[in-house]
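Residue numbers (numbering that gives the first Met the number 0), protein chains in the order written: chain A, 0 to 173; chain B, 0 to 173. Beta carbons: idealized from backbone N, C-alpha and C, even for Gly. Remember, it's a predicted structure, so these values are computed and weren't measured experimentally. Have a look at the structure below before the remarks.
Number of protein chains: 2
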Amino acid sequence: MSVHQCPHAGKTSCMRPTSLQVESLINQAEQLCEQRQQRFTALRRRVLTLICQAESPMGAYQLLEFLQGDGRSAAPPTIYRALDFLMAQGLIHRLASNNTYLACAHPQQDHEAVFLVCQHCGQTQEIHTDGITHSVQEKASRYKFKVLHTSVEVAGLCAKCSPGFNPPSAGGLA
Amino acid sequence: MSVHQCPHAGKTSCMRPTSLQVESLINQAEQLCEQRQQRFTALRRRVLTLICQAESPMGAYQLLEFLQGDGRSAAPPTIYRALDFLMAQGLIHRLASNNTYLACAHPQQDHEAVFLVCQHCGQTQEIHTDGITHSVQEKASRYKFKVLHTSVEVAGLCAKCSPGFNPPSAGGLA
DNA sequence: AATGTTATGTTATAATATAACATAATATGA
DNA sequence: TCATATTATGTTATATTATAACATAACATT
Numbered sequence: 000m001s002v003h004q005c006p007h008a009g010k011t012s013c014m015r016p017t018s019l020q021v022e023s024l025i026n027q028a029e030q031l032c033e034q035r036q037q038r039f040t041a042l043r044r045r046v047l048t049l050i051c052q053a054e055s056p057m058g059a060y061q062l063l064e065f066l067q068g069d070g071r072s073a074a075p076p077t078i079y080r081a082l083d084f085l086m087a088q089g090l091i092h093r094l095a096s097n098n099t100y101l102a103c104a105h106p107q108q109d110h111e112a113v114f115l116v117c118q119h120c121g122q123t124q125e126i127h128t129d130g131i132t133h134s135v136q137e138k139a140s141r142y143k144f145k146v147l148h149t150s151v152e153v154a155g156l157c158a159k160c161s162p163g164f165n166p167p168s169a170g171g172l173a
Numbered sequence: 000m001s002v003h004q005c006p007h008a009g010k011t012s013c014m015r016p017t018s019l020q021v022e023s024l025i026n027q028a029e030q031l032c033e034q035r036q037q038r039f040t041a042l043r044r045r046v047l048t049l050i051c052q053a054e055s056p057m058g059a060y061q062l063l064e065f066l067q068g069d070g071r072s073a074a075p076p077t078i079y080r081a082l083d084f085l086m087a088q089g090l091i092h093r094l095a096s097n098n099t100y101l102a103c104a105h106p107q108q109d110h111e112a113v114f115l116v117c118q119h120c121g122q123t124q125e126i127h128t129d130g131i132t133h134s135v136q137e138k139a140s141r142y143k144f145k146v147l148h149t150s151v152e153v154a155g156l157c158a159k160c161s162p163g164f165n166p167p168s169a170g171g172l173a
């Protein structure tokens with residue numbers, strides 16, 4: 000399980016970040032919440048940490064199990080409320096196509112994102128694409144449709160999971 | 000509830016089609032299934048008809064109620080199996096953002112679609128956009144990601160429901 | 001009719017998410 | 001500091017969406 004280079008420089012969802020990178024994401028979140036006078040509570044911090052540490056987007060009940068593992072009392076509303084908060088703050092995204100949640104790669108700016116969701120390993124990459132956003136906007140305006148939010152979720156196979164892919168260091172074994 | 004002009008000429012999901020248009024959609028479906036040696040059973044026909052007649056995309060349990068209203072015995076698997084079949088045949092689409100199902104506007108060709116989903120009235124327009132599809136494809140290939148299916152769901156307000164919209168015939172009342 | 005295949009019926013349950021109300025923690029102002 | 005308001009969390013129950021597993025029925029082919 001090697002960590003690959005990534006264009007997003009430490010704040011991306013396309014790989015499992017190191018503990019230092021997670022810490023940095025959490026710190027960013029803390030600052031954002033402070034600026035907005037929102038409470039970044041222990042629970043919210045814990046949930047965001049779990050999401051940041053995950054290899055791939057996680058389901059609500061998966062996260063809930065981790066909370067319960069903490070010894071903490073946790074029922075479904077516990078996790079859904081935390082997720083709602085984190086989404087409202089733009090710190091995480093929800094993937095409608097598989098009901099999972101993942102850390103936002105760029106919590107600073109308000110943006111529309113595109114997600115490349117690997118059907119084989121689940122790893123999901125958030126990418127930015129003015130091109131797509133603009134195409135949608137342009138098309139929508141032709142229908143006098145006022146865009147509030149655009150969800151683009153691309154199902155497919157990531158580089159590692161594409162047929163024929165052989166990891167460079169493994170010589171095709173395993 | 001007037002029927003507006005629509006670029007899709009009778010086979011669109013942006014409005015409630017007339018009974019003649021529904022009939023035509025069903026006939027198309029029947030022909031496609033025959034060509035593919037698939038059984039277009041009474042149940043499947045009924046479900047597709049319900050979806051075609053709907054003003055806006057319908058939930059599975061909503062559809063199920065209609066089936067039960069028919070006097071027919073119907074449990075969840077009844078409707079989900081019909082929906083699965085219709086999706087496999089490309090006759091309907093599923094919107095992941097709100098768990099609803101709507102008739103495909105162009106069942107003939109295999110296509111990627113973009114959906115403009117009105118948050119106020121629920122009406123949903125399927126549009127075709129090579130631009131968006133190509134943008135996604137191009138972006139994905141830069142990440143060596145093999146695209147299998149692209150889902151684009153745009154939440155917003157349709158022309159009728161946009162703030163300030165006044166229906167031409169109502170003079171701003173109601 | 002006998003047989004295999006596909007579709008549907010039926011029961012149960014899984015997976016995802018929210019409502020409603022109680023308690024606890026935090027913030028604010030007197 | 002205390003009283004109060006507000007926000008967050010705990011708790012119980014339930015709603016919503018979807019599937020598993022197995023039985024029966026319909027259909028297709030011989």
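Examine the Cβ distances between the stretch 28 to 35 of chain B and the stretch 81 to 90 of chain B and report whether three or more of them are shorter than 8 Å. yes
Quick one: does Ala112 (chain A) have its CB under 8 Å from some CB of chain B? Locating residue 112 (chain A) in the first sequence gives position 113, counting from the first residue. No, its Cβ sits nowhere closer than 8 Å to a Cβ of chain B.
Straight-line Cα distance separating Arg141 (chain A) from Ala59 (chain A): Taking the first sequence and counting its residues from 1, the one referred to as residue 59 (chain A) is at position 60. Taking the first sequence and counting its residues from 1, the one referred to as residue 141 (chain A) is at position 142. Taking the straight line from one Cα to the other gives about 37 Å.
Mind pulling the chain A residues with CB within less than 9 Å of Leu55 (chain B)? In the second sequence, residue 55 (chain B) corresponds to position 56, counting from 1. In the sequence on display, residue 55 (chain B) carries Ser and not Leu. Per Cβ cutoff of 9 Å: no residues; Ser55 (chain B) is ~14 Å from chain A at best.
Measuring straight from C-alpha to C-alpha, what distance separates Leu79 (chain B) and Leu85 (chain B)? As a position in the second sequence, residue 79 (chain B) is number 80, starting the count at 1. As a position in the second sequence, residue 85 (chain B) is number 86, starting the count at 1. For the sequence presented, residue 79 (chain B) should be read as Tyr rather than Leu. Distance between the alpha carbons of Tyr79 (chain B) and Leu85 (chain B) is about 10 Å.
What separation, rounded to the nearest whole angstrom, lies between the Cα atoms of His162 (chain B) and Val116 (chain B)? Within the second sequence, the letter at position 163 stands for residue 162 (chain B). Within the second sequence, the letter at position 117 stands for residue 116 (chain B). Per the sequence presented here, residue 162 (chain B) reads as Pro, with His not at that position. Answer to the nearest angstrom: the Cα atoms are 16 Å apart.
Identity of the residue in A:Val113, A:Asn26, A:Ala158 nearest Lys143 (chain B) by Cα: Here residue 143 (chain B) corresponds to residue number 144 of the second sequence, with the count starting at 1. If we check each option's Cα against that of Lys143 (chain B), A:Ala158 comes out closest.
Which residue or residues does DSSP assign as beta-bridge partners of His148 (chain A)? By one-based count along the first sequence, residue 148 (chain A) stands at place 149. Answer is B:Ala154.
Gln122 (chain B) classed as buried or exposed, judged by whether at least 16 other C-beta atoms fall within 10 angstroms: Along the second sequence, one-based indexing puts residue 122 (chain B) at 123. Label assigned to Gln122 (chain B): buried.
To which residues does DSSP link Ala111 (chain A) through a beta bridge? One-based indexing of the first sequence puts residue 111 (chain A) at position 112. For clarity, residue 111 (chain A) is Glu in the given sequence; the question names Ala instead. In DSSP, Glu111 (chain A) forms no bridge with anything.
Anything in chain B within Cβ reach of Gln118 (chain A), meaning under 7 Å, just list it in chain order. The residue you call residue 118 (chain A) lines up with position 119 of the first sequence. Under the 7 Å cutoff, chain B gives Leu147.
Where the alpha helix (DSSP H) containing His92 (chain A) begins and where it ends: Indexing the first sequence from 1 puts residue 92 (chain A) at position 93. Segment 91 to 94 is the beta strand (DSSP E) holding His92 (chain A); no alpha helix (DSSP H) there.
Please classify Gln88 (chain A): does DSSP put it in a helix, a strand, or coil? Stepping through the first sequence from its first residue, residue 88 (chain A) is reached at position 89. In the structure shown, Gln88 (chain A) sits in coil (DSSP, three-state: anything other than H, G, I, E or B).
Whole-angstrom Cβ separation of Ser94 (chain A) and Glu152 (chain A), contact assumed at under 8 Å? Here residue 94 (chain A) corresponds to residue number 95 of the first sequence, with the count starting at 1. Here residue 152 (chain A) corresponds to residue number 153 of the first sequence, with the count starting at 1. The question names Ser, but residue 94 (chain A) in the sequence shown is Leu. Confirmed, about 6 Å.
Note down the Cα distance separating Val46 (chain B) from Ile25 (chain B), rounded to an integer number of angstroms. Locating residue 46 (chain B) in the second sequence gives position 47, where the first residue counts as 1. Locating residue 25 (chain B) in the second sequence gives position 26, where the first residue counts as 1. Looking at the two C-alpha atoms, the distance is approximately 10 Å.
Please compile the residues from chain A whose C-beta is within a distance smaller than 7 Å of the C-beta of Gly130 (chain B). Counting from 1 along the second sequence, the entry for residue 130 (chain B) is found at position 131. Here the neighbours are Ser134.
Residues bridged to Glu64 (chain B) by DSSP? Stepping through the second sequence from its first residue, residue 64 (chain B) is reached at position 65. In the DSSP output, where bridge partners are listed per residue, Glu64 (chain B) has none listed.
What's the call for Thr17 (chain A), buried or exposed, on a 16-neighbour Cβ count within 10 Å? The residue you call residue 17 (chain A) lines up with position 18 of the first sequence. Flag for Thr17 (chain A) reads exposed.
Coarse secondary structure for Glu195 (chain A), derived from DSSP in three states: Chain A is shown only over 0 to 173; residue 195 (chain A) falls outside these bounds and no answer can be derived.
What is the rounded straight-line gap between the Cα of Phe39 (chain A) and the Cα of Thr77 (chain A)? Position 40 of the first sequence holds residue 39 (chain A). Position 78 of the first sequence holds residue 77 (chain A). Answer to the nearest angstrom: the Cα atoms are 15 Å apart.
Could you spell out where the alpha helix (DSSP H) holding Thr132 (chain B) opens and where it closes? Position 133 of the second sequence, counting from 1, holds the residue named residue 132 (chain B). Run containing Thr132 (chain B): 129 to 141, per the alpha helix (DSSP H) assignment.
When you compare the CB of Leu85 (chain B) with every CB in chain A, is at least one pair closer than 8 Å? The residue you call residue 85 (chain B) lines up with position 86 of the second sequence. With 8 Å as the cut-off, Leu85 (chain B) does not count as an interface residue toward chain A.
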